[in-house]
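Peer 1:
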Amino acid sequence: MTIHSLILGAVFATLYGAILHLWRGGGLGKLLFYVFMSWIGFWVGHNLGSHLSWGFVKIGPLYVGTATLGSVILLFIAAFLSDNAANPSLKDSQLKE
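Residue numbers (my numbering): 996 to 1092.
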């Protein structure tokens, strides 16, 4: 893995997190959370693609296809969990009354 691949991967992962933040909204903390989760998902997906030799979209040594898939999956899980933490369900608020 070259330094150029690491930089390109970081750019892709940051872009995915920023796009989700643009779509879902939120403050600076949520942007940093989405970018961090995107980086984790991206590099886990890259390593999974590397170990399983799934190179359906590959740029040099970077397994962009599986990395993008890992990033998207982790980002949607993170968005779902952060929305549930910020907006408790109606049942929870009714139990407190």
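A virtual CB, placed ideally from N, CA and C, is assigned to each residue, including glycine. The structure displayed is predicted, hence computed values, not measured ones.
Report the residue from Gly1012, Phe1075, His999, Ser1077 whose alpha carbon sits nearest the alpha carbon of Ile1035.
Peer 2: Residue 1035 sits at position 40 when you count from the first residue of the sequence shown. When only C-alpha atoms are compared, the closest one is Gly1012.
Peer 1: Take every Cβ of the region 1019-1027, pair it with every Cβ of the region 1047-1056, and state whether three or more of those distances are shorter than 8 angstroms.
Peer 2: Short answer: they don't touch.
Peer 1: Rounded to the nearest angstrom, what separates Leu996 and His1046 at their Cα positions?
Peer 2: Start at 1 with the first residue of the sequence shown, and residue 996 comes out as number 1. Start at 1 with the first residue of the sequence shown, and residue 1046 comes out as number 51. The sequence given here places Met at residue 996; Leu does not occur at that position. Whole-angstrom Cα-Cα distance: 14 angstroms.
Peer 1: From what residue to what residue does the alpha helix (DSSP H) around Trp1034 run?
Peer 2: Taking the first residue of the sequence shown as position 1, residue 1034 is located at position 39. Residues 1023-1047.
Peer 1: When you compare each of Ala1005, Ile1002, Met1032 to Leu1069 by their alpha carbons, which one comes out closest?
Peer 2: Along the sequence shown, one-based indexing puts residue 1069 at 74. Nearest C-alpha to Leu1069: Met1032.
Peer 1: On a CA-only basis, which of Ser1077, Gly1004, Ala1008 is nearest Val1067? Give me that one, please.
Peer 2: As a first step, residue 1067 must be located in the sequence shown, where it is residue number 72. Among Ser1077, Gly1004, Ala1008, the Cα nearest to that of Val1067 belongs to Ala1008.
Peer 1: To the nearest angstrom, report how far apart Trp1049 and Leu1003 are at their CA atoms.
Peer 2: Position 54 of the sequence shown, counting from 1, holds the residue named residue 1049. Position 8 of the sequence shown, counting from 1, holds the residue named residue 1003. In a straight line, the C-alpha of Trp1049 is about 19 angstroms away from that of Leu1003.
Peer 1: Could you check if Val1006 is buried or exposed, using at least 16 other CB atoms within 10 Å of its CB as the buried criterion?
Peer 2: Along the sequence shown, one-based indexing puts residue 1006 at 11. Its Cβ having fewer than 16 others within 10 Å, Val1006 is exposed.
Peer 1: Count the other CB atoms, across all protein chains shown, that sit within 10 Å of the CB of Phe1037; report buried if there are 16 or more and exposed otherwise.
Peer 2: Residue 1037 sits at position 42 when you count from the first residue of the sequence shown. With 16 or more other Cβ atoms within 10 Å, it is buried.
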